[in-house]
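In this note's numbering, the protein residues as written are 1 to 432. Here's the structure, in structure tokens; my notes come after.
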Ligand code: S3P
């Protein structure tokens, strides 16, 4: 796919798809609840469809209609053994959450994934689960995973890695364990699983302290289903937000965007850089905060962000780095170790691709330094993505200022934002 520069800015109201994290949970939790759930505005991207297919393969009746999805829950411990290994494509969220859930079922199962997912660390979920008596064989810490369904015991777990995926896998495992499990987070990560479990009647108690969060969850007899309306994804909006900020004559409005305080680090960071962003119509739906956002072209300056930002916006560093490349002073983003184990080594690919566009940058330990350029001299217009959707979208936006760039493996965008190209072109962008 080639992305070109934009002359007259971007303008309009793009339609942002449903939130990816909430969409995965909107399939998993109703599938193990009792009753029927109608889900509106679910993201129908490749990643989410892998989660959906997994539950269909385990006997859950799911109607995939044009406008909604209807899930007939099977109850907590009544999934069927899938006939084949469960293939989860590119989706780390599906892999970590399902590992937790499957470890407490009555059958054995195998989880596999694509080339990128097969390189990602899985001991981070298998190890804490083993404290609950889960029996999981990894392939040297990676996929495929062989999971022996087992009766789990509750215990106390201190999360060593700040990861909502690990926390959520443990919470799903705890639903089927005897007694009360306590999970302590030393860094706050996205809380969609806790929020949705609570609204499905789980016995879950969350206490926030200055430096940590303690979640207590009791093994359940049943969860009660209810309907879900998925808000639109701030992480997907991020690409158009930055596009409007860095291109003259731009103004966009984004509606119905999830503004969960455990996810909105990008907005805080961009405002710190001088971005003209206004948040309005704040409201709450299904216990998730939602808002509308207006963004206009802005003269950005660089900023320094501490590691605490990484927990609030881990998926947004590729596009934030593009914004930083057009600021009028350098930026430093600290504590980005987790970026190395995402869909690609994002820290490496951000640096490689920015340098190819003539932007100087470096990493020291896990801190990223970006020194904006005046010239943006393209050294190599082929953007390497390693099949990472967020790298592909971030550098499509980079091209809006320096283009044309040839984005390799742009099909990867379908994992989270299948309509990205159309929405971008409708706004005035040029992607072919
Ligand atoms: C996600 C959590 C994050 C994020 C991923 C989605 C989730 O991963 O990077 O895109 O839905 O729980 P970690 O929690 O492992 O950081």
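No residue lacks a Cβ here, since even glycine has one placed at the ideal position from N, Cα and C.
- DSSP places residue 291 outside any alpha helix (DSSP H); the residue lies instead in the beta strand (DSSP E), whose first and last residues are 288-296.
- Only buried fits residue 318, as 16 or more other CB atoms lie within 10 angstroms of its CB.
- The ligand S3P never approaches residue 299 closely enough for any of its heavy atoms to be under 7 Å from the residue's Cβ.
- Look at residue 23 here: in three-state DSSP terms it is helix.
- Within 10 angstroms of the beta-carbon of residue 192 lie 16 or more other beta-carbons, which makes it buried.
- For residue 123, the enclosing alpha helix (DSSP H) has its first and last residue at 123-130.
- Check the Cα spacing between residue 298 and each of 241, 111, 169 and 408: the tightest is with 241.
- Taking the Cβ of residue 190 as the reference point, at least one heavy atom of the ligand S3P falls within a distance shorter than 7 Å.
- Counting along the chain, the unbroken beta strand (DSSP E) around residue 369 starts and ends at 367-371.
- The ligand S3P never approaches residue 119 closely enough for any of its heavy atoms to be under 7 Å from the residue's Cβ.
- Annotation: the continuous alpha helix (DSSP H) that includes residue 99 extends over 92-102.
- Assigned with DSSP and collapsed to three states, residue 301 falls in coil, not helix or strand.
- Here residue 331 is buried, its C-beta having at least 16 other C-beta atoms within 10 Å.
- Judged by their CB atoms, residue 16 and residue 233 are nearer to each other than the 8 Å cut-off.
- Distances from the CB of residue 93 to the heavy atoms of the ligand S3P include at least one below 7 Å.
- When DSSP states are grouped into helix, strand and coil, residue 311 belongs to the helix group.
- Contact annotation: residue 361 and residue 227 have beta-carbon atoms that are not nearer than 8 Å.
- As the crow flies, the alpha-carbon of residue 327 is around 15 Å from that of residue 296.
- Remark: C-beta atoms of residue 31 and residue 70 do not approach each other more closely than 8 Å.
- As computed with DSSP, residue 37 is found in a beta bridge with 71.
- Looking at 291, 285 and 322, the one whose alpha-carbon comes closest to that of residue 302 is 322.
- Within the segment 381-423, the runs of alpha helix (DSSP H) that reach at least 4 residues and sit entirely inside it are, in chain order, 389-402.
- Residue 119 carries a helical assignment under DSSP once its states are collapsed to helix, strand and coil.
- Under DSSP, residue 137 forms a beta bridge with 146.
- For the ligand S3P, no non-hydrogen atom lies closer than 7 Å to the CB of residue 45.
- Following the DSSP letters along the chain, one finds residue 167 inside the alpha helix (DSSP H) bounded by residues 164-174.
- In terms of Cα proximity to residue 102, the closest of 358, 88, 134 and 210 is 134.
- The shortest CA-to-CA distance from residue 108 to any of 129, 125 and 80 is the one to 80.
- In this structure, residue 149 lies near residue 104, with their beta-carbon atoms less than 8 Å apart.
- Counting C-beta pairs with one atom in each stretch, the segment 334-345 and the segment 115-126 have three or more that are closer than 8 Å, which means they touch.
- Around residue 406, the same chain offers 2, 381 and 382 as residues with beta carbons nearer than 6 Å, after the five sequence neighbours per side are excluded.
- The shortest CA-to-CA distance from residue 48 to any of 9, 76, 14 and 98 is the one to 98.
- Look at residue 125: its beta carbon is at least 7 Å from all of the heavy atoms in the ligand S3P.
- Here the C-alpha atom of residue 83 lies approximately 27 Å from the C-alpha atom of residue 20.
- Residue 246 holds the alpha-carbon nearest to the alpha-carbon of residue 400 among 246, 170, 96 and 64.
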